[in-house]
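Residue numbers (the numbering used here), protein chains in the order written: chain A, 1 to 488; chain B, 1001 to 1488; chain C, 2001 to 2488; chain D, 3001 to 3488.
Backbone N, C-alpha and C define an ideal beta-carbon position, used for all residues, glycine too.
These numbers were taken from a predicted model, which means no experiment stands behind them.
Following: one structure in structure tokens, then a few remarks.
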């Protein structure tokens, strides 16, 4: 398949045209046009890559085939590769060029458990209980790479100075992959980071996302026969129950839009034995990473209180943590313009039929228009009180000026982490949306290379946003990436 | 010892009648001697059977090989077999003789999960995580059958009138096998029931055991994304937590020696999803089945209250229930005398070595003497405030006069439901203890056949004990035996 | 400032209509000037009245002297009085004129327990533990009456048709006084309602406030000696504890900005007696009265669940309930203009000294400028996620188009329900702020009389806001006003 | 009756010694007769005293008139008085004689709140809500003094060597008065302590009573407006709720017959304020003071855990603590014989009528026979699993050999701490029962003075009972008697 694509590259003459058009003293408009064309020219190959990763559907830290495919493709495209960075076997850095400025595009490629799904508009797992790309990361990793390759070709053609990198970042879904990469110092020399994420509409991501910290709280007590000698037992389940109660009583006394949610992952083995082991898996979220650190300390106190109350001990392990995203209005302004310049896409009739069939499964009272894929949302800062999810892009945004895009890869009305999202991500709808993202990323990256004032403005805005704040993660210093965080 | 008993016989009221009646064709002494010899003569075979069942180590309702072996052996010995009674595939009735009186000996043969263990004095599973005879039911079923076969041969030899039955009763360990047999009416024409149970000392079982009722409480709520829309969720786990809380608040307000213990068997799947399913497995116990019925109603109210509080629904399934044992002093007096007549057994030197090695693993401050296997405990009614376990023999004792024995099949100091008990049950120690039980059962059965006054006295005592009480079980009428109560 | 408004008048749509309509006999400008002058002319007297009510400091439904004073003053000014309406001894209707339109100005005059305070900038109660005007209702009732008297004089002078009423509304602080007045039908023929509230800044109140429902949940159990026979007791305190727990578990599953808070007002009498009586006083709030009705039903279920769990019964009494305020943008636009036309006030040097001394007691890091009393907040709809309080004006706004003002009667930085607010309300600062409110109310009332289009626009906006919504109160139909809701 | 006892004396070991020793100057029979006559002779006066104290009905530590009256009477009778001992204004030591041995008789005289009651067989308080002698301590203090006075006269008459003391011990009902007297060292030189208590039957008190510890747990948090800023509050009520929950979860894991019971004495002031103060009043009991110390430590941990969980602090104050009573079989044997020698009393017809009327108010299914007042219960050690109350006599019994009596001062069927008990204690029924106690105390005291072997046997038994045990109280060393423990 690679052969065919390269052959096409040579015949289709696109590359030659790009080189010619890329004159040193060209206008920004021309530059945008040139790199957008390069995205278009490379898109067929990367749509194909996105479909392969969709088929692999590998879980966090075990994205072996997906990571290898992306690495091979980027190497073929002229990037040098460093793999297995930050103690993460599937993380990698693909690099092109040298010196300043350093611009990074982030790519993710992990799937979600239980969301295995064929590319059809009804629930139909490929593998019962298997994993699936319910968050569209097959598109994310491929689309980001498509942008990187196009920009690289543009840099080549126009002798642009500086370093372009693609970071292959594993285990976004609960593994906090990027946090270890931040800790490793991989963002120290970076000027600006770009990212994107699949969604059901086109918009700029300027901040938002909830900071999240998660852990397993394991209580250890003393087993005893629950009928013969309950007084000799110290129940780890009692501790779990009281920790749960403690969390509930905390809810009134945390800021609005805080989230604390948990399951009891180990609740005893047999009802006639006082449990000596019980476990609660808890996540806490807040619009502010700083606020979350305080809340997390209080949650730890709740767990210690529960242990003290029950004569048990508590162990906190498997800590995951993502920060909220620090917005950057200087970058956002350019990003918004570029996204509007790129525009959305129009579904084919066949795609519309698929979309309508899929929408029927959503149980919504009013269905969003399919026109949404064509439109760009007006710019607005995210409402801190709005419901939201979390991402480890957050941590990156605390150490480098960062900007991102959402594009309409899911049928309008489809939420992330659903089989409908997985289905969308395996179709041309997802791939069309992906190309919109790739172009928006590419245009903005080119702007960043060509425009030192923009980089300065981004830096200034970054400093302003973080004035008086310190980046912290709840992941303990010594903790290695939790390769088997989803169980072996 | 016999001498002493005969002397006593004159003073001791009821037993005087027994002695006189037994002397119709022969003296009671001769009868006892004869049947005791028959037990001895058959013992080698049944020790072997006990070892085979120990090897099978089959869980409740799945004792296919164990039940088949016992049936085959009893058929060979001249019993007619009816298998699969009371909707229980492994339950059976082995019958000999006809007409009144009808005397039943109970046999159990189910193993316990996780207690797989070789017959060695250190923790060594045959199969990691496998089942094992930690309650010695391999001995129980075989020893009861040994008694039945000896009595049958005695009846043959002495032309004794009446019906002798052996009931193969599955799933004593949590499956309430006998309760369904009671419900089926299998005890309707029975005059007296005899049973025994492995222990670490020799004594008569005259009442005791805690009535128990158990069930799974499954709550159904509404799932929702715990970060995006927790207000749309109705948490089944919240209901489980509140049911747990409710049970804890009940503890102060139930009679002393009530037991309520539970685990959380399903506590949610992923911490970022409001659980729509959660489950608590609960057992409640009381020295009185009548009191327990009241407590159980209150527990059901707690579960309904938890559902009401959380906007969820609750389903109560997999209900198991054993009554407490109704004592019978008329039978107990004879049983005590017979057990004293039989006497205990003396360990060989090799057995003593094994016993001492095993005792070292018990972590006890003071080790009970190995002489305990030789001794018979003085008779006493059980203390209702003493810690105790439960058995489905209880339900039988509410519908027929019932008496039982414990014999020293476990190394002194070893508790039931431990790997040490499983190890003991696979050795000649267990088998020696079993033969003590078989003899005590056989002597008492012979007394019951030969002595109508004893049967009358048993009936009168039964009526007195149950005056004003009604037998009830919490198992719902339509519920079939829970063949897969331990999961498939 | 008037000039600016008239200039604006031409551009501002609705106000243009107002201006034209007001110009029947005179220009709107003249009308405003005339009535503002009338406010000024009457202000000395009503400042005095406000101080007397401040001295009375009477609690809800017991505002006998305050209500009598206001009635006497309004009667003197030419209003006819109907007192003791809606089963509330201190409620009254003061009426002037006849026929349509009917415009109502609301007045409150109840104090708060524990906030007795002298008009000095340090904590100094007049009566230790006594009541005080910590919410400035002495100003509220007087300022509203001042506006009514001025408008009445204006109507007289200009032969304005229609009915002007002042509603004396008791027990706003937790007594839901106006809800009973709504129920009585006192607002049935009313076209528009105006109100105001003391604050530390000048702004229009267009919606906002949290709907609230409150009640006492009294559990009845069975007493028993807690040491001798706890099993015979059914603890009402257990029910209270479990109801509390149930509320805590609910918190995760209600919409953001819901509030549920409670105290335990009766928690048992002696620790050695199982409590047969226990009580929880609970309030629930939500930005939406409709949402709150659902939440309240769930809270009732929690209480029933707690009773079911504990074998107790629950009684729900002393129900109070205020709805959220339904905004009216048509009225708000005019109100904002009028408030801007009136402008704020400037503190004297002496007042500034008092204000600065008082601010020192607030423990704030940054102190708000004293210039705030001069400024008018730009118009904005309230954020439903912002923290807020509750008011029974809400219920009125569900049945009649309603608009209100806040004015700077408290020293900037001072919150309601503090001794600092009580102190402010007893000084010329409070009185100056009151006159601002009186003028804004008077101007808007005059506009409403003179401008039928404005009344129509208000009616249309009202219909739009309530489309698909139904007014409901949680106060049961048969419940009379809780005259002694604060205890006897 | 003496005859029977002497016959027994030959078989009964210790008592043989007692009998012989008592016969030094006179026969034991004569001595007993003599002192019993002295009790009889003094009884009219002390019945009168008991009635006066019944009228006073003073609460613990405030028994000013009652204590003064007893002191005056004992002084008149020839005792020297030291009052206000152990920092307790109403405690006193009345002493007669000198040197060894030292025998102490304990007297109590505090009433109970809310049990004011006339001496009539229907509920009729003297003072609504007032205190009353629902535990019969008016009889207790007077009857003990009557015994002391009679023994003193006997000693005078017979030149008995040694010291006789009466300890006036206040605040038995929850004030732990005697614990402070123990701490003060007032029992250091004492050989034997005697006591008695009103009841509805006649028996020896040889051990029993539950050890108890009680305290107020006050939590301090941070107040905040519950609607405007609940996140800034740290709720002391949450801490109370979680402490309660923690206690409930502990119940399963404490030995049988442990008691833990509590009320919430402060549960917040207004539901719209996050409570910064909340309080739980808790009592814990156990048949063993040693076990209770462990449980108390765990309860303290529960309170600390609750504080940790909620960001609050906890203060433990007002600690009361009584130990269980250490039995003394050597003394009990003699006490039993003496009580049998004294015998009960027979009610007059009028008394029987009163008794029957009172019994009708008890709501009992079967009424105990009025003959019970004539009978003496056979001796038995108390069942540790039986329900029981607590007394500060317990602490005395841990430091000196102690023995006591119950006599039938309450109408049979009447429980302590009821209005029926208060009524009984004000009639001749109570006074007749008191005289039985006085005689039993007097006989035993005389035996103790005359019989050194009995004192030695008591000492030996005391040592045996406490082998391996250490006396501890949970009352902190620096804590003074809580004079206002019932509130001011």
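Quick one, are the C-beta atoms of residue 1218 of chain B and residue 1315 of chain B less than 7 angstroms apart? Yes, they are a contact pair.
What three-state label does DSSP hand residue 3062 of chain D in the structure shown? coil
Does the beta-carbon distance from residue 3408 of chain D to residue 3158 of chain D come in below 7 angstroms? no
Do the stretch 137-147 of chain A and the stretch 427-446 of chain A touch if we need at least three Cβ pairs shorter than 8 angstroms? yes
Interface partners of residue 251 of chain A on chain C, CB under 8 angstroms: 2248, 2251, 2252
By the DSSP assignment, the beta strand (DSSP E) with residue 1228 of chain B in it spans what residues? Residue 1228 of chain B -> no beta strand (DSSP E), and no H or E assigned at all.
Rounded to whole angstroms, what's the CA-CA distance from residue 2379 of chain C to residue 2091 of chain C? Just pull it up for me. 32 angstroms
Measure the C-alpha to C-alpha separation of residue 3174 of chain D and residue 3211 of chain D and round it to an integer number of angstroms. 12 angstroms
Buried or exposed: residue 1022 of chain B, going by 16 or more other Cβ atoms within 10 Å of its Cβ? For residue 1022 of chain B, the predicted structure reports a pLDDT of 44, less than 50, and the residue's modelled location is therefore unreliable. The matter cannot be settled from this model.
Determine the chain D residues that contact residue 304 of chain A at a beta-carbon separation under 7 angstroms, and present them in chain order. 3308
Taking only heavy atoms of the ligand HEM into account, decide whether any of them is closer than 6 angstroms to the Cβ of residue 134 of chain A. This structure lacks the ligand HEM; in fact it carries no ligand of any kind.
Just the C-alpha distance for residue 2387 of chain C and residue 255 of chain A, rounded to the nearest angstrom, thanks. 11 angstroms
Does the CB of residue 2256 of chain C have a neighbour CB from chain E at under 7 angstroms? Note that chain E does not occur in the displayed structure, where the protein chains are A, B, C and D.
Please tell me whether residue 1244 of chain B has its Cβ less than 7 angstroms away from any Cβ of chain A. With 7 angstroms as the cut-off, residue 1244 of chain B counts as an interface residue toward chain A.
Short of 7 angstroms Cβ to Cβ, which residues in the stretch 3360-3393 of chain D face chain B? 3385
Over the uninterrupted alpha helix (DSSP H) stretch that includes residue 1452 of chain B, give me the two end residues. 1452-1466
is_contact[residue 262 of chain A, chain B] using C-beta, thresh 7 angstroms: yes
Cα-Cα separation, residue 2188 of chain C to residue 2459 of chain C: 14 angstroms
If we ignore side chains and look at the alpha-carbon of each, how far apart do residue 54 of chain A and residue 1293 of chain B end up? Answer to the nearest angstrom: the Cα atoms are 57 angstroms apart.
Where does the unbroken alpha helix (DSSP H) through residue 53 of chain A begin, and where does it stop? 28-56
Counting along the chain, where does the alpha helix (DSSP H) carrying residue 1165 of chain B start and finish? Premise fails: residue 1165 of chain B lies in the beta strand (DSSP E), 1162-1168, not in any alpha helix (DSSP H).
Looking only at DSSP bridge pairs, what is residue 197 of chain A linked to? DSSP output for residue 197 of chain A lists A:406 as bridge partner(s).
Is the stretch 2413-2429 of chain C touching the stretch 2324-2341 of chain C in the sense that three or more CB pairs, one from each, lie closer than 8 angstroms? no
Report yes if the CB atom of residue 2209 of chain C is closer than 7 angstroms to the CB atom of residue 2325 of chain C, and no otherwise. Yes, the Cβ-Cβ distance between residue 2209 of chain C and residue 2325 of chain C is below 7 angstroms.
Counting Cβ pairs closer than 8 angstroms, one from the stretch 1265-1279 of chain B and one from the stretch 3272-3283 of chain D, do we hit at least three? Touching, no, given that fewer than three Cβ pairs across the two stretches are closer than 8 angstroms.
By alpha-carbon positions, which one of C:2083, C:2308, C:2354 ends up nearest to residue 2169 of chain C? C:2083
Looking at the secondary structure, which residues open and close the beta strand (DSSP E) in which residue 286 of chain A lies? 277-286
Using a Cβ-Cβ cutoff of less than 6 angstroms, which residues in the same chain neighbour residue 3429 of chain D once the five nearest sequence positions on both sides are dropped? 3351
Residue 2260 of chain C, DSSP secondary structure in three states: strand
With burial defined as no fewer than 16 other Cβ atoms inside 10 Å of the residue's Cβ, what is the status of residue 1371 of chain B: buried or exposed? exposed
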